[in-house]
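First comes the structure, then the notes that go with it.
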Amino acid sequence: DGGITQSPKYLFRKEGQNVTLSCEQNLNHDAMYWYRQDPGQGLRLIYYSQIVNDFQKGDIAEGYSVSREKKESFPLTVTSAQKNPTAFYLCASSKTPGTDNSPLHFGNGTRLTVT
Amino acid sequence: AQRVTQPEKLLSVFKGAPVELKCNYSYSGSPELFWYVQYSRQRLQLLLRHISRESIKGFTADLNKGETSFHLKKPFAQEEDSAMYYCALRDAGNMLTFGGGTRLMVKP
Chain A
1 DGGITQSPKY LFRKEGQNVT LSCEQNLNHD AMYWYRQDPG QGLRLIYYSQ IVNDFQKGDI
61 AEGYSVSREK KESFPLTVTS AQKNPTAFYL CASSKTPGTD NSPLHFGNGT RLTVT
Chain B
116 AQRVTQPEKL LSVFKGAPVE LKCNYSYSGS PELFWYVQYS RQRLQLLLRH ISRESIKGFT
176 ADLNKGETSF HLKKPFAQEE DSAMYYCALR DAGNMLTFGG GTRLMVKP
């Protein structure tokens, strides 16, 4: 079950601490995305990156940061500034936009709990 | 900004009954629309895309630009169709916006 891997599956942190969620893909995809999934609210885009060393804010970027130093990796840092960090986080990737409609391939997600 | 709306959070039908999961969107440009599905204990995955005009697992979805809708339909629901379904729109900047999701429950 290769493709896109998120780790860890469960993560626990105390309030006030930054935490970084890992996302790695071996699909040679150019674009990568981070979504947050909350009950009743569907998926909301945090950040996305269409190419190495470039990324854009999504709808709910406040309190989050990302980097895209390598094509395969798109880590997400949840900072202490994020007011409601407890959530399920999904990473996704897609081919270069415009090719074969570029559907998203999703990871299995990381459930973050902040207490 | 674009918006995707799935008005039903939960849809419950009996096995063999027709099912329609509604999706409406607002977008000023030419939309690229998808349906994604998440079965229990599985990752979110693509079900179908409007441009392919395909039928996957008996599901079809037609883009109606006049009504700005992309409803997902299946004539005879099966128990294994029970899952969470998300409608999504990709804009010209390659940003994908998801609806709130509809949980489909197919009862025996």
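Chain order of the listed sequences is A and B.
As numbered in this note's numbering, the first sequence has no gaps in its residue numbers, which increase by one up to the final residue, 115.
As numbered in this note's numbering, the second sequence has no gaps in its residue numbers, which increase by one up to the final residue, 223.
Here a beta-carbon is modelled for each residue, glycine too, at the ideal position from N, C-alpha and C.
This structure is a prediction, so every number in the text was calculated from the model and none was measured.
With a threshold of 8 Å between beta carbons, Met210/B makes contact with chain A.
Closest in C-alpha terms to Leu112/A, from the list Lys57/A, Glu69/A and Val78/A, comes Val78/A. When Cβ-Cβ separations below 8 Å define contact, Leu112/A makes no contact with chain B. Burial check for Pro190/B: the Cβ neighbour count within 10 Å stays below 16, so the residue is exposed.
With a cut-off of 8 Å on Cβ pairs, the region 132–144 of chain B is in contact with the region 181–198 of chain B, counting three or more such pairs.
Judged by beta-carbon spacing, Leu21/A lies within the 8 Å limit of Pro75/A, meaning their Cβ atoms are closer than that value.
Only Arg158, Leu159, Gln160, Leu161, Arg164, Ile166 and Ser167 from the region 157–175 of chain B bring a Cβ to less than 8 Å from some Cβ of chain A. Leu43/A belongs to the set of residues whose beta carbon lies under 8 Å from a beta carbon in chain B. Bridge pairing for His105/A: Ser93/A [DSSP].
Classified as exposed, Ala116/B has fewer than 16 neighbouring CB atoms from the shown chains inside 10 Å of its CB. The straight-line gap separating the alpha-carbon atoms of Gln37/A and Tyr89/A is approximately 6 Å. Here Ile51/A is not near Tyr35/A, since their CB atoms are 8 Å or more apart. Shown here, Ile4/A sits in a strand according to DSSP, grouped into three states.
When secondary structure is reduced to three states using DSSP, Ser167/B falls in the helix class.
A direct Cα-to-Cα measurement between Val114/A and Leu11/A gives close to 8 Å. Arg218/B is not a Cβ neighbour of Lys137/B, given a cutoff of 8 Å. Asn139/B: member of the beta strand (DSSP E) spanning Asn139 to Ser141, first to last residue. Counting only runs of at least 3 residues, the region 37–91 of chain A fully encloses the following beta strand (DSSP E) elements, listed from N- to C-terminal order: 42–51, 54–57, 64–66 and 76–78. When the Cα atoms are used, Ile60/A and Arg44/A turn out to be separated by approximately 7 Å. By the neighbour-count definition (other C-beta atoms within 10 Å, threshold 16), Asp177/B is an exposed residue.
For the 8 Å CB-CB criterion, Glu72/A and Glu15/A do not form a contact. Restricting attention to Leu126/B, Leu148/B, Pro122/B and Val128/B, the CA atom closest to the CA of Leu104/A is found in Leu148/B.
Taken atom to atom, the span from the alpha-carbon of Leu204/B to that of Phe213/B is near 7 Å.
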